[in-house]
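Single-structure report; data block below.
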Amino acid sequence: MLLIAGSISTGLVLGLRYGVFVLVPVILVGAVAICAISPQSLWQACGSVATFAVLLQISYVGGALLRFATRGGMIANGPGPLSRARSH
Numbered sequence: 264m265l266l267i268a269g270s271i272s273t274g275l276v277l278g279l280r281y282g283v284f285v286l287v288p289v290i291l292v293g294a295v296a297i298c299a300i301s302p303q304s305l306w307q308a309c310g311s312v313a314t315f316a317v318l319l320q321i322s323y324v325g326g327a328l329l330r331f332a333t334r335g336g337m338i339a340n341g342p343g344p345l346s347r348a349r350s351h
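In the numbering used here, the protein residues as written are 264 to 351.
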């Protein structure tokens, strides 16, 4: 139960704060930590790692959607230097 709560809360925080590229290192660190401290057999530890990874990714999407909804969606910026037509 603690694994589920920790995975969901970690995913929500990561979704609110960071980009999607943070998921792979967090899953790897979490997998090593779960395997290192669990007194379970190898197959049960693999199931725990899979549960952690799936719940982390699902809650990350929820956190990212929450961030998107609270910031009002996408903000259109004015024309920048790359959007100006160049005359040569």
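C-beta atoms are modelled at their ideal positions from N, C-alpha and C, and glycine is treated no differently. Note that the coordinates shown come from a computational prediction; the quantities given were computed from them, not determined experimentally.
By the Cβ criterion, the segment 276-291 is in contact with the segment 302-320, since at least three pairs of Cβ atoms, one from each stretch, lie closer than 8 Å. Judged by DSSP secondary structure, PRO288 falls within the alpha helix (DSSP H) whose first and last residues are 286-300.
Three or more beta-carbon pairs drawn from the segment 302-319 and the segment 271-278 are found closer than 8 Å, and the two stretches are therefore classed as touching. Non-local C-beta neighbours of GLY325 in its own chain, meaning closer than 8 Å and more than five positions away in sequence, comprise GLY274, LEU275 and GLY278, ordered along the chain.
Between the C-alpha atoms of LEU265 and LEU305 there is a straight-line separation of about 19 Å. Scanning its chain for C-beta atoms nearer than 6 Å, with the 5 sequence neighbours on each side dropped, one finds around GLY293 the residues PHE315, in chain order.
VAL283: not part of any alpha helix (DSSP H); DSSP gives it neither H nor E.
Non-local beta-carbon contacts of ALA308 in its own chain, meaning distances under 8 Å to residues more than five positions away in sequence, involve ILE297, CYS298 and SER301 in chain order. Here ALA327 is buried: its Cβ has 16 or more other Cβ atoms, across all protein chains shown, within 10 Å.
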